[in-house]
Amino acid sequence: MILKFLFTSTLLATSFISNSTQVNQCGNNQKAQSLAHSIIHDSTQLRQHLSCDIRLTQAAIIKVKEMANSGWVIHSGANSRAGLCLG
């Protein structure tokens, strides 16, 4: 569950940049694309332009697989320190 959360977060976070204007290039699944669409089209969004670059999503997929295979995936963020369960 933590790996899935990290994977989705990484893909979404690294997708917000650069040249593409197609929202469907944001994220690697429907849920991530829907969240990206909501963020990009939010009426309170202060940035004038947000777009995605599929190459960043592809790079994030490779990196997450490397991290998972080498055991680098550890989650000890503020939520876990506060005793909150993410899953």
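Under my numbering, the sequence shown is numbered contiguously, ending at residue 70.
We put the CB at the ideal spot given by N, CA and C, even for glycine.
These figures come from a predicted structure and were not determined experimentally.
Contact check, residue i vs residue j under 8 angstroms by CB: the rounded distance?
| i | j | result |
| --- | --- | --- |
| glutamine 8 | isoleucine 37 | 4 angstroms |
Whole angstroms are fine: how far does the CA of residue j sit from the CA of residue i?
| i | j | result |
| --- | --- | --- |
| lysine 48 | glycine 54 | 10 angstroms |
| histidine 20 | glutamine 31 | 14 angstroms |
| aspartate 25 | leucine 33 | 11 angstroms |
| valine 56 | threonine 27 | 34 angstroms |
| glycine 10 | isoleucine 22 | 12 angstroms |
List the endpoints of the continuous alpha helix (DSSP H) containing residue i.
| i | result |
| --- | --- |
| asparagine 52 | 37 to 53 |
| serine 34 | Serine 34 -> no alpha helix (DSSP H), and no H or E assigned at all. |
| histidine 20 | 13 to 23 |
### Query
Hey, is the segment 16 to 29 in contact with the segment 41 to 54, meaning 3+ C-beta pairs nearer than 8 angstroms?
no
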